[in-house]
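The next block holds one structure in the form of structure tokens; read it before the comments.
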Amino acid sequence: NEYPRDVPVIRTKKNLGYAGGMNRGIQYCIEHGATWIAVANDDLEVQKNSLRELSKKLDTEASGIAGPFVGTLDSSRWTTIYPVKKLSNKNYISGSCMAIHRDVAARIGLFYEPYFIYYEDVEYSVRAKKNAFPLKQIEIHGLKHTDGSTFQKKSFLHAYYLARNHL
Numbered sequence: 016n017e018y019p020r021d022v023p024v025i026r027t028k029k030n031l032g033y034a035g036g037m038n039r040g041i042q043y044c045i046e047h048g049a050t051w052i053a054v055a056n057d058d059l060e061v062q063k064n065s066l067r068e069l070s071k072k073l074d075t076e077a078s079g080i081a082g083p084f085v086g087t088l089d090s091s092r093w094t095t096i097y098p099v100k101k102l103s104n105k106n107y108i109s110g111s112c113m114a115i116h117r118d119v120a121a122r123i124g125l126f127y128e129p130y131f132i133y134y135e136d137v138e139y140s141v142r143a144k145k146n147a148f149p150l151k152q153i154e155i156h157g158l159k160h161t162d163g164s165t166f167q168k169k170s171f172l173h174a175y176y177l178a179r180n181h182l
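In my numbering, the protein residues as written are 16 to 182.
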């Protein structure tokens, strides 16, 4: 892969999963003085000015978790519904595009790595809310989550990680 020279690339010796990979990036950003840390899936389509718009909107926000895509907890089935249009008290910010204020990471820590993949964003949002951090839905033009799964939808690993982490 070709990266611009001013973009640091953090390499690991093995696949750390979503949580492990994002945690390495979050730690790097905090060590380098970031106030807001944006995490995103590799299946996020980003238009040219979308990140600039995200940055400007975050500049006006107090600490918390923000993002354009939200899901909700379905307590009757103990699962999630994604996406939903409007933020409510049962929602979470999708890790497909999530901005985390450094105060959140300082108080509640990082993503829960044993999940490896799926539901890390849900658990993190729930933990943040329990610690009085707000979740904020912010509209960003030119962002699209294509929902390209890491595993094939009907594969054993897809079903395994969804079921295990769901529980």
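Backbone N, C-alpha and C fix where the C-beta goes; we use that ideal spot for every residue, glycine too.
The structure displayed is predicted, hence computed values, not measured ones.
Cβ-based burial, residue i [other Cβ within 10 Å; buried from 16]
i, result
"Tyr175", "exposed"
"Glu46", "exposed"
"Leu182", "exposed"
"Tyr130", "buried"
Length of the line joining the Cα atoms of residue i and residue j
i, j, result
"Ala103", "Thr87", "The displayed chain sequence assigns Ser, not Ala, to residue 103. Distance between the alpha carbons of Ser103 and Thr87 is about 8 Å."
"Ile132", "Ile115", "18 Å"
"Arg122", "Phe171", "36 Å"
"Phe84", "Val99", "8 Å"
"Ala55", "Met113", "6 Å"
"Pro149", "Ala143", "7 Å"
"Lys29", "Arg179", "22 Å"
"Arg20", "Lys151", "32 Å"
"Tyr43", "Leu31", "15 Å"
"Leu59", "Arg26", "20 Å"
Member of the options whose CA lies at the smallest distance from the CA of residue i
i, options, result
"Val61", "Asn180, Gly157, Arg179, Leu182", "Gly157"
"Ile153", "Gly40, Ile96, Leu66", "Leu66"
"Ile155", "Ala81, Pro23, Cys44", "Ala81"
"Ser90", "Lys105, Pro98, Asp58, Ile25", "Lys105"
"Leu177", "Ala143, Lys144, Arg142, Glu135", "Glu135"
"Asn38", "Leu125, Leu59, Thr75, Asn146", "Leu125"
"Arg117", "Thr27, Ile41, Lys145, Asp74", "Ile41"
"Trp51", "Ile96, Thr75, Tyr130, Tyr97", "Thr75"
"Asn64", "Asp57, Lys72, Asp58", "Lys72"
"Val137", "Lys101, Ile96, Lys169", "Ile96"
Contact belief for residue i with residue j at Cβ below 8 Å, rounded distance in angstroms
i, j, result
"His173", "Ser111", "That belief does not hold up - the Cβ atoms of His173 and Ser111 are roughly 16 Å apart, past 8 Å."
"Val22", "Ser78", "Not really, about 26 Å apart at Cβ, beyond 8 Å."
"Ser70", "Ile108", "Actually they do not touch by this definition, with Cβ atoms about 17 Å apart."
"Ala49", "Glu128", "The Cβ separation is near 20 Å, so there is no contact."
Where the beta strand (DSSP E) containing residue i begins and where it ends
i, result
"Ala77", "Careful: Ala77 lies outside any beta strand (DSSP E) and carries neither H nor E."
"Ile96", "94 to 99"
"Val215", "The shown model of the chain, from 16 to 182, leaves out residue 215, and the question about it has no answer."
"Asn106", "106 to 108"
"Lys144", "Where Lys144 is concerned, there is no enclosing beta strand (DSSP E), although the alpha helix (DSSP H) it sits in stretches over 135 to 145."
Endpoints, the alpha helix (DSSP H) within which residue i is located
i, result
"Ile25", "Note, Ile25: premise wrong, no alpha helix (DSSP H); not H, not E."
"Gln42", "32 to 46"
"His173", "171 to 181"
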